[in-house]
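Each residue of the sequence shown is one higher than the one before, counting from 10 in the numbering used here. Even for Gly, the Cβ is constructed at its ideal location relative to N, Cα and C. Okay, structure first, notes after.
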Amino acid sequence: MKKCIMSKVYYKYCSQANHESRDWRWMCGDGFGMLGKLPGRKMYMPCQKEIYTDAEAVAQAAARQFARCAAAAIAARGVFHVALAGGSTPRRMYQLLAAAPYRESIAWQQVQIYFGDERCVAPDHADSNYRLAWEALLQHVPIPAPNIHRIHGEAVDVNAAAEHYAQLLTQHMPHHEGWPCFDLVLLGMGDDGHTASLFPGTPALTEQRRGVAAVYVEKFSAWRITLTYPVINRAREVIITVTGPGKAQTLRQVFNGDRAAHFPVQAIRPQGRLLWLLDEEAASSLPAKERS
10 MKKCIMSKVY YKYCSQANHE SRDWRWMCGD GFGMLGKLPG RKMYMPCQKE IYTDAEAVAQ
70 AAARQFARCA AAAIAARGVF HVALAGGSTP RRMYQLLAAA PYRESIAWQQ VQIYFGDERC
130 VAPDHADSNY RLAWEALLQH VPIPAPNIHR IHGEAVDVNA AAEHYAQLLT QHMPHHEGWP
190 CFDLVLLGMG DDGHTASLFP GTPALTEQRR GVAAVYVEKF SAWRITLTYP VINRAREVII
250 TVTGPGKAQT LRQVFNGDRA AHFPVQAIRP QGRLLWLLDE EAASSLPAKE RS
């Protein structure tokens, strides 16, 4: 069972003038959702939320959305460029995609796999997002090896690894406004409001020149490599999955437009469609009107 809510979510003040969206439409075909802006106002980004009973239902919904996006992109452009996420909810979605009916129905030969972020570990390390995707999905579907583009998190020079991945995106992907353009970016949200490896207080949050950045995350005493906002926000579609009670208070502040909080996920405002897939536990602190 799901509840589907359309809402305008306040994200944050723009870095330049403040704007308010007066006209918007969802991405259709090869197009992008467009925002009409009026100077001197706040910017609002319309989004869609779907609330499901539990994490399993969220994973099933995410798998359906993945298959829908793949079919649409392949029909329109002959290829599907997707950035995968790490975490428990994506793992279950990948397991579903690796089984019938998706294993047979998706044209995996036309799918190009990328990653939204990576831990700076070897690809066979337990913390590797690539390993998660390989074990849960990629080894089980007929996707050609050259179609899988992992981030080399094991590199000694993490900044060079980030630059290498940025060049790979430039070489392999279509562009919009000078930036690589994904058909779909899959994201999650941490209890601190981070998404991909865009963590509070890190320099990657203000990166406007590089599409991929190496970032040192103090709370983990570890390096990560992540896509940055200019690339994520050029996507035709972004899906954010959030499950569990530990995310409920953060999610409430995100959707209430808490300007004092400045959660990194609040800056996800793609030019295409933004879809949140939530379970009831994650949505439990949202106002009643947002959950009904």
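Problem - Residue span of the beta strand (DSSP E) that contains residue 90, given as start and end - result: 89 to 93
Exercise for the section: Starting from residue 257, follow the alpha helix (DSSP H) in both directions and report where the run begins and ends. Expected result: 257 to 264
Practice task
Per DSSP, which residues does residue 124 bridge with? Please list them.
Solution key: 93
Practice task
Identify the continuous alpha helix (DSSP H) that holds residue 245 and give its terminal residues.
Solution key: Counting along the chain, residue 245 falls outside any alpha helix (DSSP H), and DSSP gives it neither H nor E.
Practice task
Report the rounded CA-to-CA distance for residue 124 versus residue 298, giving the unit in angstroms.
Solution key: 35 Å
Handout entry: Per-residue DSSP class, three states only, for residue 227
Key = coil
Handout entry: residue 130 in three-state terms, based on DSSP
Key = coil
Practice task
Going by DSSP, name the residue or residues bridged to residue 165.
Solution key: According to DSSP, which records beta bridges pairwise, residue 165 is partnered with nothing at all.
Exercise for the section: Go through its chain and collect everything with a Cβ distance to residue 137's Cβ below 8 Å, but skip five positions before and after it. Expected result: 127, 128, 130, 131 and 162
Exercise for the section: Quick one: using the 10 Å Cβ neighbour count with 16 as the cut-off for buried, is residue 280 buried or exposed? Expected result: buried
Practice task
Leaving out five residues on either side along the sequence, give the residues of the same chain with a beta carbon under 7 Å from the beta carbon of residue 236.
Solution key: 92, 125, 126, 205, 220 and 221
Handout entry: Three-state secondary structure (DSSP) of residue 146
Key = coil
Problem - Beta-carbon proximity list for residue 186, same chain, < 7 Å, skipping 5 on both sides - result: 243
Exercise for the section: Pick helix, strand or coil for residue 179, following the three-state DSSP scheme. Expected result: helix
Problem - residue 85 versus residue 72: straight-line alpha-carbon distance, rounded - result: 20 Å
Problem - residue 234 to residue 160 span [Cα, whole Å] - result: 8 Å
Practice task
Please confirm if the region 237 to 257 is in contact with the region 106 to 122, defined as three or more CB-CB distances below 8 Å between the two stretches.
Solution key: no
Problem - Distance, residue 210 Cα to residue 180 Cα - result: 31 Å
Handout entry: Segment limits, beta strand (DSSP E) that includes residue 282
Key = 282 to 288
Practice task
For the alpha helix (DSSP H) containing residue 67, list its first residue and its last residue.
Solution key: 64 to 86
Practice task
Assign residue 63 to one of two classes, buried (16 or more other C-beta atoms within 10 Å of its C-beta) or exposed (fewer than that).
Solution key: exposed
Handout entry: Alpha-carbon to alpha-carbon, residue 150 and residue 118
Key = 9 Å
Handout entry: Residue range of the unbroken alpha helix (DSSP H) whose run includes residue 112
Key = 111 to 114
Exercise for the section: Closer than 8 Å by C-beta to residue 253: which residues in its own chain qualify, once you throw out the five before and the five after it? Chain order, please. Expected result: 64, 288, 290 and 291
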